[in-house]
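Per full-length UniProt numbering, the very first residue in the sequence shown carries number 1; after that it's consecutive.
Even glycine gets a Cβ: it sits at the ideal position worked out from N, Cα and C.
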Amino acid sequence: MVDCSQISSLFPKCLTVFLFSFTAVNTVSNVSVFRGPGSLLLGITLSLSFYTYFKVCKVGAGSPLDFPALRISNLKAAEQGLELPPKFLTEKSVTLKRNGRYRFCRECMVWKPDRCHHCSGCNICILRMDHHCPWFAACVGFRNQRYFIHFLLYALTYSIIIFFWVGTDLLLWFRQEKYQERTINLSLLLVWILSVVVTISMAFFTGYSVYMVTANQTTIEMYESSEQRSQVSLLDEMRGTQTQLHTNVFDLGSALRNWKAIMGQAWYEWVLPIQTFVQVRNMHSLDESGLYFEVNSDLERQVSESMNLQEQLMRRLTPRSSYGNGELRPIDFAV
1 MVDCSQISSL FPKCLTVFLF SFTAVNTVSN VSVFRGPGSL LLGITLSLSF
51 YTYFKVCKVG AGSPLDFPAL RISNLKAAEQ GLELPPKFLT EKSVTLKRNG
101 RYRFCRECMV WKPDRCHHCS GCNICILRMD HHCPWFAACV GFRNQRYFIH
151 FLLYALTYSI IIFFWVGTDL LLWFRQEKYQ ERTINLSLLL VWILSVVVTI
201 SMAFFTGYSV YMVTANQTTI EMYESSEQRS QVSLLDEMRG TQTQLHTNVF
251 DLGSALRNWK AIMGQAWYEW VLPIQTFVQV RNMHSLDESG LYFEVNSDLE
301 RQVSESMNLQ EQLMRRLTPR SSYGNGELRP IDFAV
């Protein structure tokens, strides 16, 4: 018997395969112009779209549960600060809880690295979680975000090819007055209309996703940044200062560096859905595993100073607050 979770997982995959297959078969069968080169381009982009789509699902986003060293043995001890995460995490983490302790998930019983969040849809913690995508019925995160970007670029290219190829055929049908001999092919017209809608929507979403990669910021972090700015603005208003906080601590300083950090160092790694050299090099180490990330040192220092001042202010206002006995850490980005 198939349960609801299996249906919700299979439905978007079946729908995606159907839409791609329906448009491809109708286009190749009914379009007469540029049949040779058009079919070749369509076949290549269709194959790459299918490959990256299922690669996103198969690879998965990655979870701290994949690392036994991150599992919590005693939840109460972790809450009291008596049990700490492994050293490789404590030395490189920059996001902490508001009480200055390291982040952890009570449901997964695991320590949460930087940029890790618990997905309510998958019911699991996801490394560098970007968002839960309904078209994949899965999360986009550290391990599969690169393939997700590849899929968007291939799918956008595919829809553009359909738009121009089918559109040219329909335009010739009208200009050559073939409507006097035969009616328009309704299935082909439907494919063209669908390509218009998909091309426009995919162009906006792909552009947004590429921009987020060049900013080295996840969708979740974008929403969190507004809260962080409001907290810092309130602090500045109370102490009469102005903190310049326009970006996130993981922004490496340039769009190219941010892009390379996620998509790979070489141009062919940006275009082809292959394993990057960095992934191969660090296959047997904790580096490039989604557990810690390179940060903007200047911004980290700036935010650290602001958060220290905020902690001092909170101590004066609430002498018996839940901050504990002064065991505070500088940076507060956790939600």
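Same chain, Cβ closer than 8 angstroms to residue i, five either side skipped, listed in chain order
i      : result
Glu269 : Met263, Thr276, Phe277
Trp192 : Ile162, Phe163, Val166, Gly167, Leu170
Leu46  : Phe20, Ala24, Tyr158
Ala215 : Thr247, Asn248, Asp251, Ala255, Asn258
Met222 : Met212
Ser73  : Glu83
N-terminal and C-terminal residue of the beta strand (DSSP E) that residue i is part of
i      : result
Cys139 : 138 to 140
Nearest-angstrom beta carbon gap, residue j and residue i [assumed within contact, 8 angstroms]
i      : j      : result
Leu96  : Arg103 : 7 angstroms
Phe142 : Ala261 : About 11 angstroms separates the two Cβ atoms, so there is no contact after all.
Ser39  : Val25  : That belief does not hold up - the Cβ atoms of Ser39 and Val25 are roughly 11 angstroms apart, past 8 angstroms.
Ser93  : Asp66  : 18 angstroms between Cβ atoms; not a contact.
Tyr158 : Ser21  : Their Cβ separation, rounded to whole angstroms, is 12 angstroms, which puts Tyr158 and Ser21 out of contact at 8 angstroms.
6 angstroms Cβ shell around residue i - same chain, five flanking residues per side excluded
i      : result
Val59  : Arg143, Asn144
Leu70  : Pro64, Val110, Trp111
Leu122 : A small fix is needed here, since residue 122 is Cys in this sequence, not Leu. Excluding residues within five positions, the ones whose Cβ falls inside 6 angstroms are Cys139.
Gln312 : Bear in mind that the predicted position of Gln312 carries a pLDDT of just 49, short of 50, making it unreliable; the figure below should be weighed with that in mind. Closer than 6 angstroms at the Cβ level, and outside the excluded window around Gln312, lies no residue.
Residue i versus the options, residue with shortest Cα-Cα distance
i      : options                       : result
Phe136 : Leu291, Glu294, Gln6          : Gln6
Val210 : Ile184, Arg175, Phe151        : Phe151
Ile220 : Phe34, His132, Asp287         : His132
Ile44  : Thr16, Cys122, Leu156, Glu91  : Leu156
Leu252 : Phe293, Arg101, Val198        : Phe293
Ala138 : Ile160, Lys178, Ser8, Thr183  : Ser8
Val271 : Arg182, Asn74, Tyr147, Gln279 : Tyr147
Gly81  : Ser73, Arg101, Val56, Pro68   : Arg101
Val33  : Leu15, Met129, Leu172         : Leu172
Tyr51  : Glu91, Thr16, Ala77, Pro37    : Thr16
Phe205 : His118, Asn296, Ile149, Pro37 : Ile149
Pro273 : Lys13, Val56, Ser120, Phe11   : Val56
Span of the alpha helix (DSSP H), counted from its first residue to its last, around residue i
i      : result
Ile262 : 255 to 263
Val277 : Note on residue identity: the sequence assigns Phe, not Val, to residue 277. Segment 277 to 281, the alpha helix (DSSP H) holding Phe277.
Tyr268 : 267 to 271
Contacting residues, own chain, Cβ-Cβ under 7 angstroms from residue i (five flanking each side not counted)
i      : result
Val196 : Phe163
Leu286 : Phe88
Thr194 : Position check: residue 194 holds Leu in this sequence, whereas Thr was assumed. So the list reads Thr23, once near-sequence residues are dropped.
Leu75  : Arg106, Met109
Arg35  : none
Test: residue i CB closer than 9 angstroms to a CB of chain D
i      : result
Leu189 : Note that chain D does not occur in the displayed structure, where there is just one protein chain.
**Request:** Please specify which runs of the alpha helix (DSSP H), each continuous and at least 4 residues long, are wholly inside the region 19 to 94, giving them in chain order.
**Result:** 35 to 59, 75 to 79, 87 to 90
**Request:** Could you pull out every unbroken alpha helix (DSSP H) segment of at least 4 residues lying fully inside the UniProt domain "Palmitoyltransferase DHHC" (100 to 225), listed in chain order?
**Result:** 145 to 175, 186 to 214
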